[in-house]
Amino acid sequence: MLHPIRRARQSTERTPLTRLQKIATLLALVFVTLVSVQSSAQSAVPIVLVKADRLLDPRTGNVLTPAFVLIEGDKVKQVGSSSQIGIPVGAKTIDLGGATLLPGLIDAHMHLFLDIIVPPEAEISRHWNGLFAPGLLLTIIESPTKRAFLGALMAREDLESGITTVRNLGHSGVDGDTELRDAINARRVPGPRILASARKLITRASYVQNLNPALSEAILQQEFLLIDGADRGRAAVRQNEFQNVDLIKVTADENLTVPELTAVIEEAHRQHLKVAVHAIETTSIQTAIDAGADSIEHGNDSTDEQLRQMPDKGIFLDLTPTSYGGFFLKIMEPSLALSAETRSSRISSGARRDKRYADFVQRVLKSGVKFAAGSDMCWFYPGKTRGQASTATLVNLRDAGMPALDVIRAITINAAEMLGWQDRIGSVERGKFADLVAVSGDPLADITELERVRFVMKDGKVVRNDLTKP
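The structure is reproduced here in structure tokens:
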């Protein structure tokens, strides 16, 4: 009578152990599956080997030949000769033959949401600020949707020309550049990585004086934030920071005071944002220096003393050669019915400006100030895409006597440092983003090679390849 009961108890006692064993087995299977999935995901990271005859290191000026760049995912893993690179089995090889590889180009001063067509000569002469007033009017005439499509087009054209990073400095409406940046980062649209500044900070006298008051207010609401007074300056920074900007852009003129700009910069730095200050004439340049700007945009009228002060305060100078001499005449001439007298006058004026700019560039080179370069491109250039127009501005620096290596540094390693992204971009090095461009010739011998980029890679993904047959 006792044995069946004992057997029943034994059977009852074994049941929980069996369930635990089943649970343990199930957990083990889940763990093995997760490890397998993770291992498969890791093995799925694309590995690409890019080969070329030459690779230019803009930091040192050295040329590696032949060059091998191993890319894993969106980052550079190894750079060297064939004997130095451990090529994994299954790596995809892109052989660019006799091309020269460089890091992706950086346009440190861009306006993606403007594509201004030069107006007739009579229209230029009647505006107090010449060519730019019609461009300002366009910003309120065209719908935000149309400008959004324009920004996306300009971004794609920049990328296809080898510009893999852009610092967009205003004239993009309330949130045009921040939204475009996010769309590109989410891979919804193609384009360079963007540092966005949203609305530009200005005093009331900047840009909109002498315009119809109603137009002035409309432009101010859409394009700018007023900083008349230190408190308004701090508030403007906070408002842009709320838009999730990457930096702050300020226009300095004779009306902006050092305390006002200092308040802006202190608040921006508190938010870990750099401040780029548009300053052209001597007074505004000194205001930017005294307030501690991170970069001075343009700086055309800088004195030798001011150029010496900039490195002492850690200020970058961002050269923008767009509007000088022959380059700007190329933009204007197809759009203007110039009389012989007007054409002669503009050519003479352009020659004088070229000479003045060459003097400025030479003083910059001698001063020791750190400098980058941006196209400041916002104009419609007949026959060229936005990216082609931007790289075409580099010739002005060469014509001003800047060595080709310094020009290349200005749009790669120097620009990366100015942006605070020297650990991410600006050179082809281990751990940096796999942003590469290639040209057929030698850009050190002919800087115009950068106007004819044949291969573009951003984040390890090929954007264009005119060098390798499918």
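Numbered according to our numbering, the sequence shown spans residues -5 to 464.
No residue lacks a Cβ here, since even glycine has one placed at the ideal position from N, Cα and C.
Small disclaimer: the values here were computed from a predicted structure and weren't measured.
Spatial neighbours of residue i within its chain, please: CB distance less than 6 Å, with the 5 preceding and 5 following residues excluded, ordered by chain position.
i: Gln72; result: Leu64 and Ile79
i: Asp101; result: Ile157, Val160, Gly368, Ser369 and Ser384
i: Lys452; result: Thr158 and Asp429
i: Glu275; result: Asp295
i: Gln237; result: Asp169, Thr172 and Ala192
i: Asn162; result: Met104, Leu106, Asp171, Ile188 and Ala190
i: Arg228; result: Ala257 and Glu261
i: Asn249; result: Thr197 and Ala199
i: Ile178; result: Gly185
i: Val42; result: Ile65 and Lys86
i: Val474; result: The shown model of the chain, from -5 to 464, leaves out residue 474, and the question about it has no answer.
i: Asp400; result: none
i: Gly55; result: Leu399
i: Asp312; result: Ala102, His103, Ser289, Glu291, Ala366 and Gly368
i: Arg277; result: With the sequence shown as reference, residue 277 is identified as Thr, and Arg is not the correct amino acid for it. Counting only Cβ-Cβ distances below 6 Å, and skipping sequence neighbours, we find Glu248.
i: Pro437; result: Glu443 and Leu444
i: Phe218; result: Arg193, Lys194 and Ile196
Once the 5 residues before and after residue i are set aside, which same chain residues still bring their CB inside 8 Å of it?
i: Glu423; result: Val70 and Val73
i: Val457; result: Leu153, Glu154, Pro184, Val450 and Met451
i: Leu497; result: Residue 497 is absent from the structure shown; the chain starts at -5 and stops at 464.
i: Phe354; result: Asn294, Ser296 and Ala394
i: Lys463; result: none
i: Lys378; result: Ala386
If contacts are defined as beta-carbon pairs under 8 Å, then residue i and residue j qualify, I think. What distance do you get, rounded to the angstrom?
i: Ala246; j: Leu255; result: 6 Å
i: Met396; j: Leu444; result: Actually they do not touch by this definition, with Cβ atoms about 13 Å apart.
i: Val44; j: Gly67; result: Not confirmed; about 14 Å, so no contact.
i: Asp288; j: Phe310; result: 7 Å
i: Gly167; j: Gln216; result: 6 Å
i: Pro52; j: Ile290; result: Not confirmed; about 22 Å, so no contact.
i: Cys372; j: Ile110; result: 6 Å
Have a look at the DSSP bridge pairing and note the partners of residue i.
i: Thr159; result: Ile100 and Arg187
i: Gln72; result: Leu64
i: Ala394; result: Answer is none; Ala394 lacks a bridge partner.
i: His165; result: His165 pairs with nothing; no bridge assigned.
i: Thr94; result: Arg48 and Val433
i: Trp373; result: Ile110
i: Thr245; result: His272
i: Ala224; result: Bridge partners of Ala224: none, in fact.
i: Phe310; result: Ser289
i: Ala366; result: Asp312
i: Val83; result: For Val83, which the question treats as bridged, DSSP gives no partner whatsoever.
i: Phe218; result: Lys194
i: Asn459; result: Phe449
i: Val401; result: Val401 is not bridged to any residue.
i: Ile41; result: Glu66
i: Val57; result: Leu50
i: Phe427; result: Lys69
i: Asp89; result: Lys45
Does the Cβ of residue i lie closer than 7 Å to at least one heavy atom of the ligand ADP?
i: Pro315; result: Absent from the structure shown: the ligand ADP. Ligands present: none.
Would a C-beta distance cut-off of 8 Å place residue i and residue j closer than the cut-off?
i: Val258; j: Leu195; result: yes
i: Thr172; j: Ala192; result: yes
i: Ala386; j: Ile441; result: no
i: Glu151; j: Arg380; result: yes
i: Ala180; j: Val239; result: no
i: Leu174; j: Leu106; result: yes
i: Val231; j: Gln265; result: yes
i: Ala410; j: Ile419; result: yes
i: Leu95; j: Leu49; result: yes
i: Ile405; j: Leu99; result: yes
i: Gly454; j: Lys268; result: no
i: Arg226; j: Asp298; result: no
i: Leu108; j: His165; result: yes
i: Ser421; j: Pro138; result: no
To which residues of the same chain is residue i closer than 7 Å at the C-beta, ignoring the five residues directly before and after it?
i: Arg448; result: Ala93, Ala432, Val433, Ser434, Asp460 and Leu461
i: Pro305; result: Gly362, Val363 and Lys364
i: Ile473; result: Given a span of -5 to 464 for the chain in the structure shown, any question on residue 473 remains unanswerable.
i: Pro82; result: Ile41
i: Arg302; result: Ser361
i: Glu235; result: Gln265 and Leu267
i: Lys307; result: Ile283 and Gly286
Taking only runs of the beta strand (DSSP E) that begin and end inside the region 255 to 303, which ones reach a length of at least 3 residues, in chain order? 268 to 273 and 289 to 292
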